[in-house]
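2 protein chains.
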Amino acid sequence: MELSLTSGKKIACAADTSILEALKKAGIYLTSSCGGKGTCGKCKVLVKSGNVISKSRIKLSQDEIDKGYVLACKTFPAEDVIMDIPKESMLVVEGQVVTGKSKDLLALLHSTGTAIDPLTGRIVLALPLPTLDDNISDLERLRRELMSKGMGCLRVPFRFTQDLAKIVRKENWQVTLCTIHTEDCEEIIRITPGHKKTPQYGVAVDIGTTTVVVFLIDLTTGHLADVASTYNSQIRFGDDVITRIVHATEHNKLKELNHAVVSDINTALVAIRKAHHIDVESIDCFVVAGNTTMTHLFLGLDPEAIREEPYIPTANTFPLAFAGELGLKANPNIPVYAFPCVASYVGGDIVAGVLATQLHKKQELCIFIDIGTNGEIVIGNSEWLVSAACSAGPCFEGSGIKCGMRATEGAIENVTINRETLDVEIKIIGDNDTKPIGICGSGMIDAIAEMFLARIIDPKGKLQKEASSRVREGEDSLEFVIYSGEGRDLVLTEPDIENIIRAKAAIYAGFSTLLKEVGFTFNDIQKVYIAGGFGKFLDIEKAVMLGMLPELAKEKFQYMGNTSVTGAYLCLLSRNLRSEAEEIARRMTYVELSVSSSFMNEYISGLFIPHTNIDAFPGVKKLMEK
Amino acid sequence: MELSLTSGKKIACAADTSILEALKKAGIYLTSSCGGKGTCGKCKVLVKSGNVISKSRIKLSQDEIDKGYVLACKTFPAEDVIMDIPKESMLVVEGQVVTGKSKDLLALLHSTGTAIDPLTGRIVLALPLPTLDDNISDLERLRRELMSKGMGCLRVPFRFTQDLAKIVRKENWQVTLCTIHTEDCEEIIRITPGHKKTPQYGVAVDIGTTTVVVFLIDLTTGHLADVASTYNSQIRFGDDVITRIVHATEHNKLKELNHAVVSDINTALVAIRKAHHIDVESIDCFVVAGNTTMTHLFLGLDPEAIREEPYIPTANTFPLAFAGELGLKANPNIPVYAFPCVASYVGGDIVAGVLATQLHKKQELCIFIDIGTNGEIVIGNSEWLVSAACSAGPCFEGSGIKCGMRATEGAIENVTINRETLDVEIKIIGDNDTKPIGICGSGMIDAIAEMFLARIIDPKGKLQKEASSRVREGEDSLEFVIYSGEGRDLVLTEPDIENIIRAKAAIYAGFSTLLKEVGFTFNDIQKVYIAGGFGKFLDIEKAVMLGMLPELAKEKFQYMGNTSVTGAYLCLLSRNLRSEAEEIARRMTYVELSVSSSFMNEYISGLFIPHTNIDAFPGVKKLMEK
């Protein structure tokens, strides 16, 4: 059977092969956070003609079914099929979008005062030819040459000796070494014949609980070749880190979780490599940042003790691993550097975030908050760093929200509601003619703040049926129609709204409790760095209006995007910054908020918009009174 | 079908399984230097009753065939078989013989002034239990505890983190670490729960071109648990290192050679372990000494450049390898330390030999000679060390000699011929009632010297047919009957004698040429250390009479046995001595004899007994004149 895509591409697909699998084999990667089990509903495709057999329709609305949408993972062709892949189903490879991002990243790198000096180095050596009078062995010749160039300790893992004789002789005693610094030694990670002018790439990865983001970076220029992001397919075992630890330990499924995330990274990386025709051997190293549990699951470390008092990870700083040990699709000998973690609930993603903000070098008192599935908060400056964590849930990344999606092309990232006409204006990620396909975190924050000011919801988040014709009875609950299109309407349901309010309450409670613990108030804060997968755009005023962020002068806020992958980028390109990251992890202390009664009080007070204590939000109060 | 051994043991053997294979499966290891190809003739067994199908009879004499001998590797049972395994066919596990050897080795270790401090250490740690106030990670807890014990740099390979959480918790935070010192760091090679009082063994291996010797050593006491020796089954690809290098490179068979020697070591080690019920997990490390080519082949390093001018090995000092990388039957993470080599033709076996003699610490001028398939010579003292090599061939190890065998039980190690009656008296390795089954190197030297003095051979080594009734026409040439027994007669043939004379000529030429190169004469030498696989016994006077050794005062000679495995033993038990070995390899220089015309002249002069220049042997001259 044949699948004909509207792009013109034709793909063979056997009767017992799912459309998802057939597309994958043809190099077309769909989002599939449940791993092809038919439960996440992310791999929708539109069948335009041709009979298919669909074994599951979960997560498809009646309207979608009527239009011909099917789940690619559970659908098999019965004859030749003409079909279309909606953008929201594609595993994103960002293409041109990255040019701007690349410039920003390079500017950030330069702003740290560091030159490009990648994690792994390449050294080209022209060895003197051996003679009867200079007949030392190949390995000693290599060492002598390196010593003459001022290199001290050199570690040569045994495996590299086995082909050494052939390699040094292949291109007339010229060789290229690839090395990494470990335990006060340069360690060889690759020896190749000749002068390798081939491209050198590094991979920076943010392993979020919900989302995995992969950057492929040119190590010589610092340019971002491309970005791919996908849901962390561990989602199929549970939304949060605790459920996943339980799954890993009680069901003895550590390997399964490990394979899930490794295969997400592989899929994303292969998609980028293929799109840009980059050879697998051009990749020299990986830097991975994730929270402590994600880092453990990625490295295959037992996470059990993380969730039981006294909450002990196997490691906070990780010995260098190699791609081959972890099942990454790359040369098995290239190193994988995992960002050091601070404690069981403040991980390498936060260390990477601090590195990206350079908070650890600031004179003034700063706050950093990373809003992901967990919200982690760091307060401090060049003298001290204190961190804490609270659980926000995956809603801002689109998970658990009916029309939620990650901040990629087609996502509604900005919502304005005219307070008189109640007309809704939206901004979509992508070109001018991009059709909206879902709502990302920044869009949700906007929408709820605007709905609140327009009195479409009350301070508890309940939809007011009489307030607007856009409020309607949905399949299970009331919902608000943000966009009405040809495909399906994009809505926020009452459970969606409750979800988001709980998340924002946890974040605000985290802020205020940690500040109290260290003896400061919001007024002492000079700068608030906000990180998260909200895309390019987060309307701070709306986040304040929602009561997620404290009401401070607008110029004190700085939205930084995904600082976990940014930190990984910095670390990949600078050995100094790698040392700084390790220094940050060492310096940072951790405060356990869950044992604080103050946190629970703050959380409950935060379950209103903007807050039970409206006096903490004088600006919002004024707006409400209008 | 069933094989019944005269020991009473019964072994099942299918019709398509060779007797060799069936015995191996039952834990009975035969010598099989050709690897079961039916070409070495070493795996003879005696079939007493029952029909068998024998596919090859090469290397069996008509007499043996008549008596019922078959090659186990090429023989298959056609019905139940009653059979006997001659001692000479057994892979030797020495059993009680080692008690004396063990004492000698320990005495040698103590004489170096070194205490037992094995290559790999075990450290038992009782970690403080984690609490909410002391919640550092498992790995950091381990490091902190080691630092508090004064350990500096600790390298933890990534793979050891994966089970760390389980291991530390298994026996209430008590763990045993096994470590080895590499590149100024202690590197973890094993982490096990609890306080491991289990035995700790190390394996010392001498990889000779012809013979492989394996010692299993108790690392806590230094006692030798047992010894096994076997032919290096690379023999099937050629007798000397050059032929093997050619085979490895021109036929692309490096892997085959590598597997051959690794499997010899495995077979020997398994035989010892089974005989003494020692668990594989009790083995903590290997130390291997061999010549440069043998070390390369064992480690899987390309040996091609060793044989081509300017004769360059891949490495002379080898990064630590692990058992798993080399296919050794042991825990894959335990380290394998290969003795450093000096040059392409002076290897780790010679460095081990110098370590065993402690020549590198002597004030007086000494010579060390290791007589194996190659003869290597070291001259020097605590101030300087010069080495050279000459090719002796494998005859002293029994290879290429009709009734030759290694110096193990049943070997004739001493021969005396009454000059009047021409009666032959022999001494056999083993108990009083041990029957002779072959002739080892020391027996050959004795026999030829005695035959020369008794005028049974002339100075060129030609047998004098009329001299004795023991001289007879053999299958292909004249031969001298040393022992006439029930099984077969033990003889030295004329080609055997020529072989031995060529070997002794090469050794003597090596001595005298190297001495000349460094500007000394035999009279300057205070001590001559002789090493080789001659067994316990080598009659120096006979070796002088043969013209293999220079005629010096008897007390200047010291016979040391197999110093390669002795050096490996020392290195296994003392980290100081490991450093000394590395120091010896660094200090020793190498002189290439093959380019010296003097060497060829000396060699040709040495093709007489004792030497063309009889005046260099005044004592022998006097004896001859008697």
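So the sequences go chain by chain: A and Y.
The first sequence begins at 1 in the working numbering and counts up one residue at a time.
The second sequence begins at 1001 in the working numbering and counts up one residue at a time.
The beta-carbon is built from N, C-alpha and C at its ideal position, and this holds for glycine as well.
Predicted model, so just to flag it, every value in this text is computed and none were measured.
Which residues does DSSP pair with residue 367 of chain A in a beta bridge? Partner residues in the beta bridge of residue 367 of chain A, as assigned by DSSP, are A:379, A:528.
Going straight from the alpha carbon of residue 1246 of chain Y to that of residue 1322 of chain Y, what length do you get? One C-alpha to the other measures close to 27 Å.
In angstroms, rounded to a whole number, what distance separates the CA positions of residue 525 of chain A and residue 557 of chain A? Spanning the two alpha carbons is a distance of roughly 10 Å.
Strictly under 8 Å for the Cβ-Cβ distance: is residue 498 of chain A near chain Y by that measure? Proximity of residue 498 of chain A to chain Y, defined by a Cβ-Cβ separation below 8 Å, is not satisfied.
Minimum Cβ-Cβ distance from residue 946 of chain Y to chain A less than 8 Å: Here chain Y covers residues 1001 to 1626 and nothing more, so residue 946 of chain Y does not appear.
Proximity of residue 1529 of chain Y and residue 1373 of chain Y at Cβ, strictly below 8 Å: Between residue 1529 of chain Y and residue 1373 of chain Y, the C-beta spacing is not below 8 Å.
Does any C-beta atom of chain Y lie closer than 8 Å to the C-beta of residue 161 of chain A? Interface residue, yes.
With contact counted as at least three CB pairs below 8 Å, one residue from each stretch, are the segment 1557 to 1569 of chain Y and the segment 1614 to 1625 of chain Y in contact? Taking 8 Å as the limit for Cβ pairs, the verdict is that the segment 1614 to 1625 of chain Y does not touch the segment 1557 to 1569 of chain Y.
Quick check: the segment 1237 to 1252 of chain Y against the segment 1126 to 1138 of chain Y, are there 3 or more CB pairs under 8 Å? Because the criterion of three Cβ pairs below 8 Å is not met, the segment 1237 to 1252 of chain Y and the segment 1126 to 1138 of chain Y do not touch.
Does the segment 563 to 574 of chain A come into contact with the segment 452 to 472 of chain A, if we say contact requires no fewer than three beta-carbon pairs (one atom in each stretch) closer than 8 Å? No, because fewer than three Cβ pairs between the segment 563 to 574 of chain A and the segment 452 to 472 of chain A fall closer than 8 Å, the two stretches do not touch.
Is residue 1395 of chain Y helix, strand or coil when you go by DSSP? Reduced to three states, the DSSP call for residue 1395 of chain Y is helix.
Name the chain Y residues that come within less than 9 Å of residue 156 of chain A, Cβ to Cβ? What residue 156 of chain A touches in chain Y, judged by beta-carbon distance under 9 Å, is 1315, 1319, going in chain order.
Residue 181 of chain A in three-state terms, based on DSSP: Strand at residue 181 of chain A.
From residue 1551 of chain Y to residue 1600 of chain Y, what distance separates their C-alpha atoms? Cα-Cα distance, rounded: 21 Å.
Please work out which residues of its chain come closer than 7 Å, Cβ to Cβ, to residue 562 of chain A, disregarding the five sequence neighbours upstream and downstream, and give them in chain order. The beta carbon of residue 562 of chain A sits closer than 7 Å to the beta carbons of 206, 213, 531, 533 from its chain, once the five residues preceding and following it are set aside; these are given in chain order.
Please identify the residue among Y:1197, Y:1425, Y:1489 whose C-alpha is closest to the C-alpha of residue 1451 of chain Y. If we check each option's Cα against that of residue 1451 of chain Y, Y:1425 comes out closest.
Kindly indicate which three-state DSSP category residue 511 of chain A falls into: helix, strand or coil? DSSP places residue 511 of chain A within a helical segment (H, G or I) once states are collapsed to three.
So residue 1511 of chain Y and residue 1492 of chain Y are supposed to be a Cβ contact under 8 Å. How far apart are they, rounded? The Cβ separation is near 25 Å, so there is no contact.
Is there a Cβ from chain Y that is less than 8 Å from the Cβ of residue 535 of chain A? It does not: the Cβ of residue 535 of chain A has no partner Cβ on chain Y nearer than 8 Å.
Rounded to the nearest angstrom, what separates residue 578 of chain A and residue 1132 of chain Y at their Cα positions? C-alpha separation (whole angstroms): 29 Å.
To the nearest angstrom, how far is it from the Cα of residue 1199 of chain Y to the Cα of residue 1222 of chain Y? So the two alpha carbons sit approximately 12 Å from each other.
Per DSSP, what are the beta-bridge partners of residue 1202 of chain Y in this structure? Residue 1202 of chain Y pairs with Y:1217, Y:1285.
Span of the beta strand (DSSP E) holding residue 84 of chain A? If you look at residue 84 of chain A, you'll find it in the beta strand (DSSP E) that goes 81 to 84.
Could you tell me whether the Cβ atoms of residue 1446 of chain Y and residue 1536 of chain Y are closer together than 8 Å? Taking the C-beta atoms as reference points, residue 1536 of chain Y is found no nearer than 8 Å to residue 1446 of chain Y.
Answer with buried or exposed for residue 236 of chain A, where buried requires no fewer than 16 other C-beta atoms within 10 angstroms of its C-beta. With 16 or more Cβ atoms within 10 Å of its Cβ, residue 236 of chain A is classed as buried.
Residue 542 of chain A - DSSP class collapsed to helix/strand/coil: Residue state, collapsed to three classes: helix.
Assuming residue 1463 of chain Y contacts residue 1494 of chain Y (C-beta within less than 8 Å), just tell me the rounded distance between them. That pair is a contact at about 5 Å.
Identity of the residues DSSP links to residue 404 of chain A by a beta bridge: Looking at the DSSP assignment, residue 404 of chain A forms a beta bridge with A:439.
Jot down the residue ranges of each uninterrupted beta strand (DSSP E) in the segment 243 to 318 of chain A, minimum 3 residues, whole runs only, in chain order. Runs found: 283 to 290.
For chain A, check one thing: does any of its Cβ atoms lie closer than 8 Å to the Cβ of residue 1529 of chain Y? It does not; no Cβ of chain A falls within 8 Å.
At 7 Å on the CB atoms, spell out the chain A contacts of residue 1130 of chain Y, in chain order. Going along chain A in sequence order, the residues near residue 1130 of chain Y (Cβ under 7 Å) are 310, 312.
Just the C-alpha distance for residue 1428 of chain Y and residue 1413 of chain Y, rounded to the nearest angstrom, thanks. Cα to Cα, residue 1428 of chain Y sits roughly 6 Å from residue 1413 of chain Y.
Since residue 1219 of chain Y and residue 1194 of chain Y should fall inside the 8 Å C-beta cutoff, what is the C-beta to C-beta distance between them, to a whole number of angstroms? Rounded to the nearest angstrom, the Cβ distance from residue 1219 of chain Y to residue 1194 of chain Y is 19 Å, too far for a contact under 8 Å.
Grab me the residues of residue 1483 of chain Y's own chain with a C-beta within less than 8 Å of its C-beta, minus the 5 sequence neighbours each way, in chain order. Excluding sequence neighbours, residue 1483 of chain Y sits near 1412, 1424, 1426, 1436, 1489, 1490.
When DSSP labels each residue in this structure, what does residue 361 of chain A get in the three-state scheme? The answer is helix: DSSP assigns residue 361 of chain A an H, G or I state.
Residues sharing a beta bridge with residue 1349 of chain Y, DSSP: DSSP lists no partner for residue 1349 of chain Y.
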